[in-house]
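Everything on this sheet refers to the single structure shown next.
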Amino acid sequence: MSSKPPAELHSDDDERPGGVLVLACGALARELKAVVDANQLTGLRMEYLPAGLHNTPQLIPAAVEDRLAAVGARYDQVFVGYGDCGTGGRLDDVLERYGAQRLPGAHCYEFFAGPETFARLHDAEPGTFYLTDFLLRQFDRLVWRGLGLDRWPHLRDDYFGNYTRLCYLSQFPTPRLLAEAQDAADRLGLRLEHVPVGTGVVGPILVSLGMPTPVGPR
Amino acid sequence: MGDETLDLTTLEDAELVEQMHDDLYDGMRDEIVAGTEILLSRGWSAQRVLGDALVEGMRIVGVDFRDGILFVPEVLLAANAMKAGMALLRPLLAETGAPSIGKVVIGTVKGDIHDIGKNLVGMMLEGAGFEVVDIGINNDVQAYLDALDEHQPDILGMSALLTTTMPYMKVVIDELAQRGLRERYIVLVGGAPLNEEFGRAVGADAYCRDAAVTAETAQQLVRARRELKAAS
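As you go down the protein sequences, you meet chains Z and L in turn. If you count by this note's numbering, then the first sequence holds residues 1 to 218, one letter each, in order. If you count by this note's numbering, then the second sequence holds residues 1001 to 1232, one letter each, in order.
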């Protein structure tokens, strides 16, 4: 596979800034920034890979590896803001090689909702299509056009015929996002359910990463 | 070709088959139906139309999907075109009573409702001459056991799209082993997040990365098993 996505990362030339790098999916940028700002986690260096990788999970491991190889050694710790994200363990293989950790769970739905809530939702109705704030904002680009439904709307039932529910797992819901969720559900022919979940485990993990290392008495 | 309309009836057989490969690639359902009808009217057997025109065309689609040239929507369009051609051929194949080369029970595992890949696999297996019993989506162990008991297939195929549901394949295989049924069936697994290592880890006979590979693997393993049986 030669079609790796371009690395859309800003690269500074600091030789070795140290500290903690959080290398995350662009789909989490807004939520991570909210946590960083709210907790004044100024010591974390945040970088993002293109959110479009959400639609091509097979490209995620190589994209993460490219960046880890380029900058990982400059930091004391690298934390990767991805779940398994459909890579079937291949991302974990990369992280093991670089000694990096990632967010827990299979995907953003799970680490935003929490494993118990997500399992309950999925078990209750396996035919559930999940959207987060980001995916709702990018619904046209990543879902509608990403699946080719702008060109071939008749494929909708090939994709969604077995689905019954659209579950909006919201981080920071607004009336506009809720209206967009209803619109997305209508377009997909699904029943909408809104489950406010916030940022789940992402907040506590970022806070723990951003806390200064305690200095003991000499 | 521009905007000109191509009259498929003017093409020689070989050209027409090649054109059908292109039409399948482009997801042109009506053209596939027309091409299928023309070949049949020229005395081609349903089996030959299926193999040379449809299955081979879909194999090319699968290769380009694997290589990142085609994406899911294009594959779906091609699959729908193939499905339309197969709808014409299926009754003819049944009439001719061509012996099936084996029987397959396929379904997605519990918790997984994603069946695009499974449906494609079913078509390619059918195209390869297998009798396919599709038990649909979201199958628990009991559903698989019931289907195996009822249909007595050579092969059990399980698919999953989600990393959260793919471990259920091991639950099914372990249950088969516990009941002393594992060796009775060839077990094939597939789905986007799977890989060969996973297939081995859950105890499947093979992981199949796409529909064409599944059809090839199924043929090889059924043949090997029959040769082994004949030799023993």
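We put the beta carbon where it would ideally sit given N, CA and C, even for glycine. In this text the structure is predicted, and so the values were computed from the model without any measurement.
Enumerate, from N- to C-terminal direction, the unbroken alpha helix (DSSP H) stretches of 4 or more residues contained entirely within the stretch 10-62 of chain Z.
-> 29-39
Going along the chain, which residues of its own chain have a beta-carbon closer than 6 Å to the beta-carbon of L:Pro-1153, five neighbours each way excluded?
-> Lys-1103, Val-1104, Val-1105
Three-state secondary structure assigned by DSSP to L:Asp-1022 = helix
Measure the alpha-carbon distance for Z:Tyr-82 versus Z:Glu-110 and round it to whole angstroms.
-> 11 Å
Tell whether a beta-carbon distance below 8 Å holds between Z:Leu-136 and Z:Tyr-159.
-> no
In the structure shown, what three-state DSSP assignment does Z:His-154 receive?
-> helix
Could you tell me whether the stretch 59-66 of chain Z touches the stretch 86-93 of chain Z, where touching means 3 or more Cβ pairs closer than 8 Å?
-> yes
Beta carbon of Z:Asp-84 nearer than 8 Å to that of L:Thr-1009 | no
Could you check what DSSP says for L:Asn-1119 in three-state terms: helix, strand or coil?
-> helix
For L:Met-1166, three-class secondary structure by DSSP | coil
According to the neighbour-count rule (16 or more other Cβ atoms, all chains shown, within 10 Å of its Cβ), is L:Ile-1235 buried or exposed?
-> It is not possible to answer for residue 1235 of chain L, since the shown part of chain L is limited to 1001 through 1232.
Could you list which residues in chain L have their beta carbon closer than 8 Å to that of Z:Tyr-163, in chain order?
-> Ile-1113
When burial is assigned at 16 or more other CB atoms within 10 Å of the CB, is Z:Phe-172 buried or exposed?
-> exposed
With a floor of 3 residues, list each beta strand (DSSP E) that falls wholly inside the stretch 1050-1109 of chain L, ordered by position along the chain.
-> 1102-1108
Could one say the Cβ of Z:Gly-127 lies closer than 8 Å to chain L's Cβ atoms, at least one of them?
-> yes
In chain order, which alpha helix (DSSP H) runs of at least 4 residues are fully inside the stretch 137-218 of chain Z?
-> 156-160, 175-188, 202-210
6 Å Cβ shell around Z:Pro-6 - same chain, five flanking residues per side excluded = Because Z:Pro-6 sits at a pLDDT of 38, beneath the cut-off of 50, its placement in the model cannot be relied upon, and the point is left open.
Since L:Gly-1111 contacts Z:Pro-57 with CB under 8 Å, what's their CB separation in whole angstroms?
-> No, L:Gly-1111 and Z:Pro-57 are not in contact; Cβ-Cβ is about 18 Å, not under 8 Å.
Cα-Cα separation between Z:Arg-176 and L:Ile-1137, rounded to whole angstroms | 35 Å
Closest Cα partner of Z:Ala-192 within the set Z:His-122, Z:Val-207, Z:Ala-181 = According to the sequence provided, residue 192 of chain Z is Leu. The question's Ala does not apply to it. Here the closest residue by C-alpha is Z:Ala-181.
Got a sec? Which residues, its chain only, sit under 7 Å from Z:Gln-77 by beta carbon, not counting five neighbours each side?
-> Val-20
Report the neighbours of L:Phe-1130 on chain Z: residues whose CB is nearer than 9 Å to its CB, in chain order.
-> Ordered by position in chain Z, no residue passes the 9 Å Cβ test against L:Phe-1130, which lies about 23 Å from the chain.
Between Z:Arg-165 and the rest of its own chain, which residues show a CB-CB distance below 8 Å, the 5 nearest in sequence each way excluded?
-> Glu-125, Gly-127, Thr-128, Phe-129, Leu-190, Arg-191, Leu-192, Glu-193
The stretch 1215-1231 of chain L / the stretch 105-123 of chain Z touching (three or more Cβ pairs under 8 Å) | no
Note down, in chain order, every chain Z residue with its Cβ under 8 Å from the Cβ of L:Phe-1198.
-> Gly-88, Gly-89
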